[in-house]
Amino acid sequence: MSSLKKYKKLNASAEITTLNTASMAKATGNLYETVVIISKRSNQIAQELKQELSDELASYTCSQDNLEEIFEDEVQIDLSRKYERLPKPSMLAVKEYLEGRIIFNKPTDTPAPEASEGTVV
Numbered sequence: 499m500s501s502l503k504k505y506k507k508l509n510a511s512a513e514i515t516t517l518n519t520a521s522m523a524k525a526t527g528n529l530y531e532t533v534v535i536i537s538k539r540s541n542q543i544a545q546e547l548k549q550e551l552s553d554e555l556a557s558y559t560c561s562q563d564n565l566e567e568i569f570e571d572e573v574q575i576d577l578s579r580k581y582e583r584l585p586k587p588s589m590l591a592v593k594e595y596l597e598g599r600i601i602f603n604k605p606t607d608t609p610a611p612e613a614s615e616g617t618v619v
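Just add 498 to wherever you are in the sequence shown, counting from 1, and you've got the numbering used here.
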């Protein structure tokens, strides 16, 4: 399934809404960790959508100057508009987080190994 269809099915709101920060921080125990998780997922979504759009637009590029170029430009514009109508990646990431679709691992706090003589740290 393409990313476009996947994120359209998510039905995330394109409008800004207030959220209860205490309930958002329950999974991590810290609001700032929650924000980091959502922002990292938002970056992943943005990169995924950008790559998919670039791949689809690349299939319509041609080096010929003719009447078909106008038609191809319209197809490219329509394709770009489909992606522009999606909610922002941050809104999609928040929706995924609230629905529990984001899997995250908290790194363990293990101390760094002691440097022995002759090793470069």
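Glycine included, C-beta positions come from ideal geometry on N, C-alpha and C. As the structure is a computational prediction, the values presented were derived from the model and not from experiment.
With DSSP collapsed to three states, give me the class of residue i.
| i | result |
| --- | --- |
| SER578 | helix |
| ASN541 | helix |
| ALA520 | helix |
Quick one: what's got a C-beta closer than 6 angstroms to residue i's C-beta in the same chain, skipping five residues either side?
| i | result |
| --- | --- |
| LEU529 | THR519, ALA523 |
| LYS506 | none |
In chain order, what residues of the same chain lie with their CB nearer than 7 angstroms to the CB of residue i, ignoring the 5 residues before and after it?
| i | result |
| --- | --- |
| ALA591 | ILE536, ARG539, SER540, ILE543 |
My guess is that residue i and residue j are in contact by the Cβ rule of under 8 angstroms, so how many angstroms apart are they, rounded?
| i | j | result |
| --- | --- | --- |
| SER500 | GLU550 | 6 angstroms |
| MET589 | SER511 | 6 angstroms |
| LEU476 | GLU554 | Residue 476 cannot be examined here, being either before or after the span of the chain that is shown, 499 to 619. |
Going along the chain, which residues of its own chain have a beta-carbon closer than 8 angstroms to the beta-carbon of residue i, five neighbours each way excluded?
| i | result |
| --- | --- |
| GLU546 | SER501 |
On the DSSP letters alone, give me the boundaries of the alpha helix (DSSP H) that residue i sits inside.
| i | result |
| --- | --- |
| ASN587 | Reading off the sequence, residue 587 comes out as Pro, not Asn. Residues 587–596. |
| SER501 | 501–507 |
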